[in-house]
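In the numbering used here, the protein residues as written are 6 to 161.
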Amino acid sequence: MSGLEIERKFLVLGSDYKSQAFSCDRIKQGYLCSTGGKTIRVRTRGSKAYLTIKGPSNAAGLSRYEFEKEITLDEAEHLFLLCEPGIIDKTRYLVKSGTHTFEVDEFYGDNEGLVMAEVELQSEDEAFEKPAFIGKEVTGDRRYYNSHLRQYPYSV
Numbered sequence: 006m007s008g009l010e011i012e013r014k015f016l017v018l019g020s021d022y023k024s025q026a027f028s029c030d031r032i033k034q035g036y037l038c039s040t041g042g043k044t045i046r047v048r049t050r051g052s053k054a055y056l057t058i059k060g061p062s063n064a065a066g067l068s069r070y071e072f073e074k075e076i077t078l079d080e081a082e083h084l085f086l087l088c089e090p091g092i093i094d095k096t097r098y099l100v101k102s103g104t105h106t107f108e109v110d111e112f113y114g115d116n117e118g119l120v121m122a123e124v125e126l127q128s129e130d131e132a133f134e135k136p137a138f139i140g141k142e143v144t145g146d147r148r149y150y151n152s153h154l155r156q157y158p159y160s161v
């Protein structure tokens, strides 16, 4: 997959998202490069692995170019050895809300206690239904980018 990624990010209130989820997977991700707003990431998600390249976000932090390619788990494990220090470890829950799916990430390790949700959109002004567990919007706040969290972990 490649193209423009448009998403909004939110902090999550409570744990109701767990009972509303129709799917969940453990995710491990590391960064081969994360400078100037550009990232090259390796990720395992359940039984699959991906290499993802993302360009810098626009001024509002809503959209950026993304290229993603599925790779083998073996390739991912070898690429993890080349990553910058700091691995992101989280469980992703998928929750339907109206016609959209929210991806809710519960972080572990150095980012324990952080729970964020994001929704991918077709346009920056697309309307969507917010589930009750959605809290403060953090779209564009670099402190909540995974590439930033691996270097500067979240603290409650």
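Beta carbons: idealized from backbone N, C-alpha and C, even for Gly.
Handout entry: Counted within 10 angstroms of its Cβ, other Cβ atoms place Ala137 as buried (16 or more) or exposed
Key = Classification of Ala137: exposed, given that the 10 Å Cβ count is below 16.
Handout entry: Beta carbon of Gly145 nearer than 9 Å to that of Ser62
Key = It is a contact, given that the beta carbons lie within the stated cut-off.
Exercise for the section: Closer than 7 Å by C-beta to Gly114: which residues in its own chain qualify, once you throw out the five before and the five after it? Chain order, please. Expected result: Annotation for Gly114: Asp94 place their beta carbon closer than 7 Å to its own, counting only its chain and skipping 5 residues before and after.
Handout entry: Contact with chain B by Glu89, beta-carbon distance below 9 Å
Key = You won't find chain B in this structure, because it holds only one protein chain.
Handout entry: Sequence-distant residues of the same chain with beta carbon closer than 6 Å to Arg31, five excluded per side
Key = The residues are Thr96.
Handout entry: Simplified DSSP state of Glu80, which is helix, strand or coil
Key = Correct three-state label for Glu80: helix.
Practice task
Could you work out which residue in Leu56, Tyr159, Gln34, Glu12 is closest to Asn116 when comparing CA atoms only?
Solution key: For Asn116, the closest of Leu56, Tyr159, Gln34, Glu12 by C-alpha to C-alpha distance is Tyr159.
Handout entry: Rounded separation between Lys59 and Gly19 - CA only
Key = Those two C-alpha atoms are separated by around 30 Å.
Practice task
Apply the 10 Å Cβ neighbour rule to Tyr157 and answer buried if 16 or more other Cβ atoms are within range, or exposed otherwise.
Solution key: Counting the other Cβ atoms within 10 Å of the Cβ of Tyr157 gives fewer than 16, which makes it exposed.
Exercise for the section: Starting from the Cα of Glu108, find the closest Cα among Leu9, Tyr22, Gly8, Val47 and give me that residue. Expected result: Per the Cα distances, Tyr22.
Problem - Residues that Thr40 bridges to, as DSSP identifies them - result: Per DSSP, Lys43.
Exercise for the section: Below 8 Å CB to CB, which residues in the same chain sit around Phe27 once its five sequence neighbours on both sides are set aside? Expected result: Leaving aside the five residues that flank Phe27 on each side, the residues in its chain whose CB is nearer than 8 Å to its CB run, in chain order, Leu99, Val100, Lys101.
Exercise for the section: Report the residue ranges of all beta strand (DSSP E) runs contained in full by the stretch 78 to 129; include only those spanning at least 3 residues, in chain order. Expected result: Counting only unbroken stretches of 3 or more residues, the beta strand (DSSP E) elements lying wholly within the stretch 78 to 129 are 93 to 102, 105 to 112, 120 to 125, in sequence order.
Exercise for the section: With hydrogens ignored, establish whether the beta-carbon of Thr144 is closer than 8 Å to any heavy atom of the ligand FAD. Expected result: The ligand FAD is not part of the structure shown, which contains no ligands of any sort.
Problem - Candidates Leu86, Ala65, Gly8, Glu131, of which the one nearest Glu73 by Cα - result: Nearest C-alpha to Glu73: Gly8.
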